[in-house]
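To start, the structure under review is shown below, and the notes come after it.
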Ligand SMILES: C[S@@+](CC[C@H](N)C(=O)[O-])C[C@H]1O[C@@H](n2cnc3c(N)ncnc32)[C@H](O)[C@@H]1O
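Residue numbers (this note's numbering): 12 to 508.
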């Protein structure tokens, strides 16, 4: 069942690199017990054996007895044993190989050093039955604040966060250390990952239940080197120590033109906040709060989300066969690149602009072409995934989209590019022939406004050059969460009126 959970194997060169970076090989020779808790095909133990051979160090049975692999997929460890036999002519001791689920099954031994690359996958993408098995562990590790949130909100939590907390808490001896390749979202992700950043795990020590602190010691973020091919997420490697409270700032290295440049990382405001990365601590003098007066209806939002049905709702040319009042101009990157306000795309929103509510089927039936169009797309629209959307579909409204409410039809929007950018350029948009401009999913974020004066006021305040500085410090430049609503909300001090 778990054949494919987060399998991104570490290339041999990079397993060796991490081992050398932190002198793990020398620690092994000095007697340390080392374990890869999600070992895959054993890239790390194999790298240890390769380094031994390069250095002319004998692979004794005593040394092998201090290397352990835990892995859930039997064929991976079989491959490892075969490789060791073929390349080194030795039988890797079966007693050092554990084919088990490191999260749900107990493991009796404790180690001095953990090394590896935990599975990279979103909780939401795991098989349903396995998700149910893991839920209590997510709760136990405080990765979700309550049971309700586990069901709905935490699908973006990376399973790496859970594996890491579990193995740091249960598999290390007192003051043990761990070295891992990881997605950087653990340190910079909003909401879903703040539970990881309480720097505490509910583990065991000497077989006895114990809350254990863990501290991130050093991080190396890869910004240009491709350690893992075909991986879109941003990643790093990090050193952890258990039984030590987290202290800030943390030494944070980033690649620049083939060199590692040292920065300092520390939480944005509260201890569990995403980190802010600065070159020197004087940069922290930037004001972290930019005051903007907004009403409760004006919280920053993402654009409209078709939940995988773009081909049905979004058009390159305004379709003359659908009623005009349900077609809205869709914001595209050309508006920033070419400074043009000519629509390049259109989106169908079968909604009431006054209330932001979807049309009922009776109402849709009054527009014959709209009814036929939606009916033809019915099957695709009904099979869309997503908890919130499913609720609407189950109630019968299978033509709904996410991110549509009265705010989507506000007469003005202060809107900016929120995804993968490194500049922050809000613009004010209104309508084309009375149809309000709409943002496109996570690409755009906006603040709805009900007067032009208010929109201009907010745009001017958002042009504060400290905002892109802070967004860069929050490690968003070029990444998917560059200026998403959650981040902007952290930076802006909203005073309601
Ligand atoms: C990202 S791969 C890394 C493998 C290896 N450490 C490496 O660096 O090449 C993660 C591995 O964890 C395994 N895995 C996933 N969930 C697991 C679990 N609950 N317990 C043990 N292993 C697991 C996967 O099968 C996969 O082989």
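C-beta: ideal position from N, C-alpha, C; glycine also.
Under 7 Å from any heavy atom of ligand 1, does the C-beta of residue i make it?
i           : result
residue 343 : no
residue 128 : yes
residue 143 : no
residue 87  : yes
residue 103 : no
residue 195 : no
residue 82  : yes
residue 21  : yes
residue 51  : yes
residue 389 : no
residue 112 : yes
residue 131 : yes
residue 140 : no
residue 54  : yes
residue 47  : yes
residue 18  : yes
Quick check on residue i: does DSSP put it in helix, strand or coil?
i           : result
residue 44  : coil
residue 31  : helix
residue 403 : helix
residue 415 : coil
residue 199 : helix
residue 185 : strand
residue 87  : helix
residue 300 : coil
residue 378 : coil
residue 114 : coil
residue 229 : strand
residue 275 : strand
residue 49  : coil
residue 161 : Any reading at residue 161 must be qualified, since the residue scores a pLDDT of 49, below 50, and its modelled position is unreliable; the value itself is stated next. Helix.
residue 327 : coil
residue 464 : helix
For the candidate residues the options, whose alpha-carbon lies nearest to that of residue i?
i           : options            : result
residue 467 : 439, 481, 493, 476 : 439
residue 268 : 309, 233, 253, 260 : 233
residue 367 : 186, 454, 413, 109 : 413
residue 148 : 130, 172, 427, 125 : 172
residue 81  : 105, 89, 104, 47   : 47
residue 375 : 333, 353, 396      : 333
residue 177 : 487, 228, 118, 195 : 118
residue 169 : 196, 348, 183      : 196
residue 98  : 241, 302, 64       : 64
residue 105 : 113, 92, 116, 115  : 92
residue 425 : 416, 410, 469, 406 : 469
residue 500 : 114, 303, 174, 51  : 303
Looking at ligand 3, does it come within less than 7 Å of residue i, judged from the CB to the closest heavy atom?
i           : result
residue 453 : Questions concerning ligand 3 fall outside what the structure shown contains, since the ligands it does hold are ligand 1.
Next on the checklist: With three or more beta-carbon pairs closer than 8 Å as the criterion, would you say the segment 430-448 touches the segment 389-403?
Outcome noted: no
Checklist entry - Can at least three beta-carbon pairs, one atom from the segment 321-333 and one from the segment 353-361, be found at a separation below 8 Å? => result yes
Next on the checklist: For the pair the segment 448-467 and the segment 248-263, tell me if three or more CB-CB distances fall below 8 Å.
Outcome noted: no
Checklist entry - Counting pairs of Cβ atoms below 8 Å between the segment 214-221 and the segment 273-290, do you hit three or more? => result no
Checklist entry - Is the segment 143-156 touching the segment 85-94, taking contact as three or more C-beta pairs under 8 Å? => result no
Checklist entry - Do the segment 423-436 and the segment 399-415 touch if we need at least three Cβ pairs shorter than 8 Å? => result no
Checklist entry - Okay, do the segment 202-213 and the segment 224-231 touch, 3+ Cβ pairs below 8 Å being the bar? => result yes
Checklist entry - How do the segment 251-268 and the segment 176-190 stand: do at least 3 beta-carbon pairs fall below 8 Å, yes or no? => result yes
Checklist entry - Hey, is the segment 467-477 in contact with the segment 182-191, meaning 3+ C-beta pairs nearer than 8 Å? => result no
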